[in-house]
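A.B. asks: First the structure, then my questions, so here it is.
Number of protein chains: 2
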Amino acid sequence: MKIDPKNKSDLSAQIAKAIRDSIISGDMIVDERLPSESELADQFDVSRPTVREALKRLAAQNLIRTQRGATGGAFVRRLSYDEAYAQHITTSTLLLSMNAVDFETACEARFALERACAPLSAKRRTPDHLATMRAEIHRQAQPGLSDERFCDSDVAFHRALVDGADNPVLSYQLAGAVEAMQPLMNMITFTQRNRDVIIGLHTRIADALEMKNSADADEALAELTAYTLTLGEEAMEARARR
Amino acid sequence: MKIDPKNKSDLSAQIAKAIRDSIISGDMIVDERLPSESELADQFDVSRPTVREALKRLAAQNLIRTQRGATGGAFVRRLSYDEAYAQHITTSTLLLSMNAVDFETACEARFALERACAPLSAKRRTPDHLATMRAEIHRQAQPGLSDERFCDSDVAFHRALVDGADNPVLSYQLAGAVEAMQPLMNMITFTQRNRDVIIGLHTRIADALEMKNSADADEALAELTAYTLTLGEEAMEARARR
DNA sequence: CTGTCTAAAATGTCAGACAATTAAACGCAC
DNA sequence: GTGCGTTTAATTGTCTGACATTTTAGACAG
Numbered sequence: 069m070k071i072d073p074k075n076k077s078d079l080s081a082q083i084a085k086a087i088r089d090s091i092i093s094g095d096m097i098v099d100e101r102l103p104s105e106s107e108l109a110d111q112f113d114v115s116r117p118t119v120r121e122a123l124k125r126l127a128a129q130n131l132i133r134t135q136r137g138a139t140g141g142a143f144v145r146r147l148s149y150d151e152a153y154a155q156h157i158t159t160s161t162l163l164l165s166m167n168a169v170d171f172e173t174a175c176e177a178r179f180a181l182e183r184a185c186a187p188l189s190a191k192r193r194t195p196d197h198l199a200t201m202r203a204e205i206h207r208q209a210q211p212g213l214s215d216e217r218f219c220d221s222d223v224a225f226h227r228a229l230v231d232g233a234d235n236p237v238l239s240y241q242l243a244g245a246v247e248a249m250q251p252l253m254n255m256i257t258f259t260q261r262n263r264d265v266i267i268g269l270h271t272r273i274a275d276a277l278e279m280k281n282s283a284d285a286d287e288a289l290a291e292l293t294a295y296t297l298t299l300g301e302e303a304m305e306a307r308a309r310r
Numbered sequence: 069m070k071i072d073p074k075n076k077s078d079l080s081a082q083i084a085k086a087i088r089d090s091i092i093s094g095d096m097i098v099d100e101r102l103p104s105e106s107e108l109a110d111q112f113d114v115s116r117p118t119v120r121e122a123l124k125r126l127a128a129q130n131l132i133r134t135q136r137g138a139t140g141g142a143f144v145r146r147l148s149y150d151e152a153y154a155q156h157i158t159t160s161t162l163l164l165s166m167n168a169v170d171f172e173t174a175c176e177a178r179f180a181l182e183r184a185c186a187p188l189s190a191k192r193r194t195p196d197h198l199a200t201m202r203a204e205i206h207r208q209a210q211p212g213l214s215d216e217r218f219c220d221s222d223v224a225f226h227r228a229l230v231d232g233a234d235n236p237v238l239s240y241q242l243a244g245a246v247e248a249m250q251p252l253m254n255m256i257t258f259t260q261r262n263r264d265v266i267i268g269l270h271t272r273i274a275d276a277l278e279m280k281n282s283a284d285a286d287e288a289l290a291e292l293t294a295y296t297l298t299l300g301e302e303a304m305e306a307r308a309r310r
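Protein sequences appear in the order of chains Z and E.
Sequential numbering of the first sequence, starting at 69, is according to this note's numbering.
Sequential numbering of the second sequence, starting at 69, is according to this note's numbering.
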């Protein structure tokens, strides 16, 4: 670990990078304790507040955890699946909204990836996954459900589909595409007729997965893709006219 | 923006969360200036160093940028595609290595997602993408290429395949699966015979995409999946015996 | 041997100060 | 009035020193 003393600005960023590199490279293993803040301050020849800013940067990326007390300090943290999952969704959502990714692009990506999961999900889905999907379909059919709740349920349905593939790496990567689309989906007004079509397709998907019929699931997903695209286009047009 | 004064610990985390929420919710738009550190310190009733630690957390997530000088301050930052991409790869790689995801799972996810891209790539790939793929195939055939370089080239080839789909959302999500597998791929020793098989399949894929023949590409990818899995299993066995 | 108390170590926070940087405001010559 | 250099004010970056809080380990008394 060392920093460039010539570059006087952004000391805390440099220190954070130095420590981050030794974590990523594997020099420091999980649960290993970093030197104390004072020691780090001495090593890098900066003040303790500067070291602390660097450590907060790492904490923000879930790379370390800190613990107070006599045996306390900063420890390399095992990146938990749930945290990474949550962070991935946040980042994906921001990326879409801040860079004005259009509905078509996001939708295409989302369903292309979901269709990649369908064959695996047909093979491995458990009764639990099917039950979740059925429950969400039932929820989607409830009268008086707000558009936002309908979208929530839609996401939950598709998450069950993806999780059915029983591959955490797939679930993780898919989360970014499926959940990040929610703000875009929320712009759509779902009429009763829209909902009926979607629920019908969801039912076909659930049936297909239950029968382990991958081809049917794929076909229904393809139709759902096309239908969602249509709805999105209409919503965008309505928004443009207003 | 407000924080819980009862919970005395982790003030900087609370402040970071408060600011992050107003960025994510859209209350603060891109390039909007945050109050100065002193003003934030007053608002939250904490000291400036504490505010600074909070701001560093946000800076670590690329949510803000800071600028010195008279009109300086902290500004909401447009999350750039490249930064998010790089961060996504880092996180995915760490997630895989720290949680000991097995080769099979990662491999399955990677190729399932790639196969989702193939039809789109067959439709939209540009001559540029094809040229990149051909160049990487040529590089892979060079004698004396180290295993690591071979893997690098493999990743570059597949990235071109994915980018050919011309969907940034897909490219972004796929990056996590493709690039994060590199450390696992690096454990494999690629014999000349292994390489010949892989290069053959790569050539089939490139040919299929050039002909816009999506079915052929999918078939070659399926074979590549199976072959990579075999290589991975052998590598794991060899590692276990040692 | 056991329980309690104290001390030490570490992070969390604060206050105040100075340095560095940047742009706007100002003043002055032309 | 205009243009250019200078000053000045605002803001972040950093440092010093201090105190608060939390937690453990060890000393000590019973």
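By construction, the Cβ of each residue, glycine as well, lies at the ideal position given by its N, Cα and C atoms.
Keep in mind the model is a prediction, meaning the values are calculated, not measured.
#1: At the 8 Å Cβ level, is Met255 of chain Z part of the contact set with chain E, yes or no?
#2: Would you say Gly140 of chain Z lies against chain E (beta-carbon separation less than 8 Å)?
#3: How big is the Cα-Cα spacing for Glu278 of chain Z and Ile205 of chain Z?
#4: Whole beta strand (DSSP E) runs in the region 86–135 of chain E with 3 or more residues, listed along the chain?
#5: Could you compute how far the alpha carbon of Leu181 of chain Z sits from the alpha carbon of Asp95 of chain Z?
#6: Need the endpoints of the alpha helix (DSSP H) that Phe218 of chain E sits in, please.
#7: Residue ranges of each beta strand (DSSP E) run of no fewer than 3 residues wholly in the region 133–202 of chain E, ordered along the chain?
#8: What separation, rounded to the nearest whole angstrom, lies between the Cα atoms of Asp110 of chain Z and Arg116 of chain Z?
#9: With 7 Å as the limit, tell me which residues of the region 196–228 of chain E have their beta carbon closer than that to any beta carbon of chain Z; keep them in chain order.
#10: Is there at least one Cβ from chain Z nearer than 8 Å to Gln250 of chain E's Cβ?
#11: Where does Pro211 of chain Z sit, in a helix, a strand or coil, going by DSSP?
#12: Answer with yes or no whether the minimum CB distance from Asn281 of chain Z to chain E is below 8 Å.
#13: Is Met253 of chain Z helix, strand or coil when you go by DSSP?
#14: Report the three-state DSSP secondary structure of Thr259 of chain E (helix, strand or coil).
#15: Is the CB-CB distance between Arg120 of chain E and Glu107 of chain E below 8 Å?
#16: Less than 8 Å between the CB atoms is what I'm expecting for Pro251 of chain E and Ser160 of chain E, so what's the real figure, rounded?
#17: Would you tell me roughly how many angstroms separate the C-alpha atoms of Leu289 of chain Z and Leu123 of chain Z, rounded to the nearest one?
#18: Might you give, ordered along the chain, the residues of its own chain that have their beta carbon closer than 6 Å to the beta carbon of Met249 of chain Z, omitting 5 neighbours on each side?
#19: Compare the C-beta of Glu105 of chain Z against all C-beta atoms of chain E and say whether one is closer than 8 Å.
#20: Is any beta-carbon of chain Z found at less than 8 Å from that of Gln241 of chain E?
#21: Identify the contact partners of Arg146 of chain E in chain Z, using a Cβ-Cβ distance below 8 Å as the criterion.
#22: Who are the neighbours of Leu238 of chain Z on chain E, taking C-beta pairs under 7 Å?
#23: Answer with buried or exposed for Arg145 of chain E, where buried requires no fewer than 16 other C-beta atoms within 10 angstroms of its C-beta.
#24: Using the C-alpha atoms, what's the distance from Ala128 of chain Z back to Lys74 of chain E?
#25: How many whole angstroms separate the CB atoms of Arg263 of chain E and Phe218 of chain E, which I take to be in contact at a CB cut-off of 8 Å?
#26: Leaving aside the five residues before and after Ser387 of chain E along the sequence, list all residues of the same chain whose C-beta is less than 8 Å from its C-beta, in chain order.
#27: Assuming Ala274 of chain Z and Arg207 of chain Z make a contact with CB atoms under 8 Å, what is their CB distance in whole Å?
#28: Against chain Z, with Cβ distances strictly below 8 Å, would Thr159 of chain E count as a contact?
#29: Taking the alpha helix (DSSP H) that Asp286 of chain E belongs to, which residues open and close that run?
#30: Which term fits Thr139 of chain E, buried or exposed, when burial requires 16 or more other beta carbons within 10 angstroms of its beta carbon?
#31: So what does DSSP say about Asp264 of chain Z, is it helix, strand or coil?
#32: Assuming Arg183 of chain Z and Asp286 of chain Z form a contact by the criterion Cβ under 8 Å, report the distance between their Cβ atoms to the nearest whole angstrom.
#33: Are the C-beta of Ser90 of chain E and some C-beta of chain Z separated by less than 8 Å?
#34: Return the residue from the list Z:Thr298, Z:Asn235, Z:Val246 that minimises the CA-CA distance to Val265 of chain Z.
#35: So Arg125 of chain Z packs on Ala84 of chain Z, CB below 8 Å; how close in whole Å?
#36: Determine the direct distance from the alpha carbon of Glu305 of chain Z to that of Phe112 of chain E, and round the result to whole angstroms.
C.D. replies: The answer reads as follows:
#1: no
#2: no
#3: 14 Å
#4: 132–135
#5: 35 Å
#6: 215–231
#7: 141–144
#8: 9 Å
#9: none
#10: no
#11: coil
#12: no
#13: helix
#14: coil
#15: no
#16: At roughly 11 Å, the Cβ-Cβ gap does not stay under 8 Å, so Pro251 of chain E and Ser160 of chain E are not in contact.
#17: 45 Å
#18: Ala174, Arg178
#19: no
#20: yes
#21: Met166, Asn167
#22: Ala177, Ala180
#23: buried
#24: At Lys74 of chain E the pLDDT is 49, less than 50, meaning the model places this residue with poor confidence and gives no usable figure here.
#25: 7 Å
#26: Because chain E here runs from 69 to 310, residue 387 of chain E falls outside it and cannot be looked at.
#27: The Cβ separation is near 13 Å, so there is no contact.
#28: yes
#29: 282–309
#30: exposed
#31: helix
#32: 6 Å
#33: no
#34: Z:Thr298
#35: 4 Å
#36: 43 Å
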